[in-house]
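Residue numbers (mature numbering (1 follows the signal peptide of the UniProt record, and there is no 0)): -30 to -1, 1 to 366.
See below:
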């Protein structure tokens, strides 16, 4: 029997705090909303990094005659990913997976710390384990699930047709990567996932460790601005570059482009690329199948549905509590199958908010389990439909 996940951390800031902090006032049109997530740092370092960036962005925006700002400190990248889709903040200062998501939803990278991040799987040098395959059924220590390290590792495992929960017997999670060294030392973890820079520091201090697997590199903490927002990409880049220095581990700021985030934006929170038993569709395929009489099921929230949805869609919200993982526990979620057609042979299309939204994947899985035989999954969801320039309905 698989052992339960052991959690060594306090709960992160609730996602609801993000929306509450950015509620618009009477002059919301003039206010610049900035979200700063310092990423994987120790508690003291996290706040220090936040203050450094806060000072830099304040001075940069004042230089551009933008004095009205609302700056929020976040430690929950999962909530931040949702904010990129809702496009609430005007500026993100965040880890690469958040910026990568922002780029897909109408933001442009400005600049970032010139210190690429790479996730590595590490084990004791004298251990018998010598590969990812050999770690099957072993114990893994890793940062929290919204960490960039965990995001990269999860994505690479998905590409290898496995998941964290199915590959490892036990997961030990912590906010602080340095705490994972102790997990290795006391033999509570057979391997741990950390940044390459953390591994290098441990090795330089004489720890007998080795790397089993490494991901490709992703950008470090970076800045992105919503398209059409003042002062614009070039002006903000220039203002930050000539303002107070923001450095990390001795690295300076360098310009960033959307292509720098291509790799990270395909990993981590993204759903699997296939679902056995279901047929994947693109926007045109959805349009054609709906014209032929298929039932389109929108699994997003009522608020999202009213703001914009595909004409003819039926709203059946998927209330998601389970992990964003192929091995998710469906019993933790709520989905009203009674709202689907009684005829199990009815062609169904499930959709939500893009490839990183798991609700439609999980709803498709539920429909297949309930015996529906013509299940179609629109993985790209509403964002792909909108990008294709197809008609959208709203409810006021």
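C-beta atoms are modelled at their ideal positions from N, C-alpha and C, and glycine is treated no differently. Every value quoted in this text rests on a predicted model; they were computed, and no experiment measured them.
Residues that DSSP places opposite residue i in a beta bridge
i           : result
residue 78  : 195
residue 268 : 285 and 321
residue 90  : 164 and 184
residue 275 : Partner(s): none; residue 275 has no beta bridge.
residue 364 : Per DSSP, none; premise fails for residue 364.
residue 83  : 223
residue 179 : 94
Where residue i falls: helix, strand or coil (DSSP)
i           : result
residue 319 : strand
residue 50  : helix
residue 190 : coil
residue 155 : helix
residue 9   : coil
residue 247 : coil
residue 121 : helix
residue 221 : strand
residue 128 : helix
residue 332 : helix
residue 368 : Shown here, the chain extends from -30 to 366; a query on residue 368 therefore has no answer.
residue 140 : strand
residue 2   : strand
residue 304 : strand
residue 298 : coil
residue 58  : coil
residue 240 : coil
residue 375 : Given a span of -30 to 366 for the chain in the structure shown, any question on residue 375 remains unanswerable.
Under 8 Å between C-beta atoms of residue i and residue j
i           : j           : result
residue 108 : residue 149 : no
residue 316 : residue 256 : no
residue 178 : residue 302 : no
residue 27  : residue 221 : no
residue 88  : residue 165 : yes
residue 24  : residue 196 : no
residue 138 : residue 182 : no
Candidates the options, of which the one nearest residue i by Cα
i           : options              : result
residue 7   : 290, 191 and 302     : 191
residue 268 : 285, 349 and 154     : 285
residue 270 : 327, 294, 99 and 249 : 327
residue 85  : 243, 263 and 225     : 225
residue 436 : 243, 75 and 169      : Past the edges of the chain, shown from -30 to 366, lies residue 436, and the structure says nothing about it.
Segment limits, alpha helix (DSSP H) that includes residue i
i           : result
residue 64  : No alpha helix (DSSP H) contains residue 64, which is instead part of the beta strand (DSSP E) from 61 to 64.
residue 203 : 203 to 211
residue 356 : 351 to 357
residue 255 : 253 to 261
Limits of the beta strand (DSSP E) - the one that residue i falls within
i           : result
residue 314 : It is not in any beta strand (DSSP E) - residue 314 carries neither H nor E in the DSSP assignment.
residue 111 : 109 to 113
residue 39  : 39 to 43
residue 348 : 345 to 348
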